[in-house]
Each structure stands twice: as structure tokens, then as C-alpha cells.
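Asks: Whatever position you read off the sequence shown (first residue = 1), add 636 for my numbering.
C-beta atoms are modelled at their ideal positions from N, C-alpha and C, and glycine is treated no differently.
Since this is a predicted model, take the numbers as computed values, not measurements.
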Amino acid sequence: FVGYQAEGTLGRRLQKGWKEIPMSHEGRTITVKVNMRIETVDGFSGHSDRRQLIEYVRRMKDRPEKILTAHGDGTKCIELASALYKKFKIETRAPMNLETVRFI
């Protein structure tokens, strides 16, 4: 997760370490077991500009293997993804709206 997860949200529950999450499915509540490692990146702002985001990645002690740019104008997301790849040689993607991306 990057940034704040509000109290009562799925993100906050996962951050707190819930091992089972109740979810609504076809009009009934089911329980979904959580089987993943959860990490939270602190110090990230959703209001950063391109320069600040590149600097943020530069300062990371352990850089990620993949970066998705998914918030903002599509052209700007593609340009940021390209700049990050060129500068750090990290696999980047700027997915289209509603595009599914697998992280396996």
C-alpha cells in the first residue's frame, strides 16, 4: 500500500493483519482468507509531481521490481513510466482504465 488507508476500509484491515475478510458476494456475505504479505510504503504523497516521484524512487533503499503509473492523465502516466524505466531500468507499466494487471 502507498499512503493512508482510512479506518473501516479493506486496505486498513489488510494493513492491520486480518487473516480473514468478510465480503459481499451475490447478495450474501462470504469469508475470504488472506494469503499474502502486506507491505506499506510510507512517505508517499498522491500530490507529488513527476520530479518528486522520480526523486522518491531514486531515494528508495530497496527499489521495486515493477512500477505501475495509474493515477493521472494517460499520456503523463506513460511518460512517467518511460522516464522511470530509462533512469532506473525498472519494469514499468501505465495500464489503461479497467485493464487487469497480474503481479505474479
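1. Answer yes or no: do Phe680 and Gly710 have a C-beta to C-beta separation smaller than 7 Å?
2. Measure the alpha-carbon distance for Ser660 versus Gly644 and round it to whole angstroms.
3. Determine the direct distance from the alpha carbon of Gly647 to that of Thr736, and round the result to whole angstroms.
4. Exposed or buried, Leu734, counting other C-beta atoms within 10 Å across all chains shown (16 or more means buried)?
5. Taking the C-alpha atoms as reference points, what is the distance between Lys652 and Arg686?
6. For Val693, report the span of its alpha helix (DSSP H) as first-last.
7. According to DSSP, simplified to helix, strand and coil, what is Ser718?
8. With a threshold of 7 Å between beta-carbons, can Gly663 be considered close to chain D, or not?
9. Quick check: the Cα distance between Lys669 and Gln688, rounded to an integer number of angstroms?
Replies: Short version:
1. Here the question's residue 680 lines up with position 44 in the sequence shown. Here the question's residue 710 lines up with position 74 in the sequence shown. Using a Cβ distance threshold of 7 Å, Phe680 and Gly710 do not count as a contacting pair.
2. As a working note, residue 660 is residue 24 in the sequence shown. As a working note, residue 644 is residue 8 in the sequence shown. Their Cα atoms are separated by approximately 15 Å.
3. Residue 736 sits at position 100 when you count from the first residue of the sequence shown. Residue 647 sits at position 11 when you count from the first residue of the sequence shown. Approximately 19 Å, taken between the alpha carbons.
4. Counting from 1 along the sequence shown, the entry for residue 734 is found at position 98. The residue is exposed, with fewer than 16 neighbouring Cβ atoms inside 10 Å.
5. Your numbering for residue 652 matches position 16 in the sequence shown. Your numbering for residue 686 matches position 50 in the sequence shown. In this structure, the alpha-carbon of Lys652 lies about 31 Å from that of Arg686.
6. As a first step, residue 693 is located in the sequence shown; it is residue number 57 there, counting from the start. Counting along the chain, the unbroken alpha helix (DSSP H) around Val693 starts and ends at 686-695.
7. Within the sequence shown, the letter at position 82 stands for residue 718. Reduced to three states, the DSSP call for Ser718 is helix.
8. This model lacks chain D altogether, as it is built from one protein chain only.
9. Within the sequence shown, numbered from 1, the residue matching residue 669 stands at position 33. Within the sequence shown, numbered from 1, the residue matching residue 688 stands at position 52. Each residue's alpha carbon lies about 37 Å from the other.
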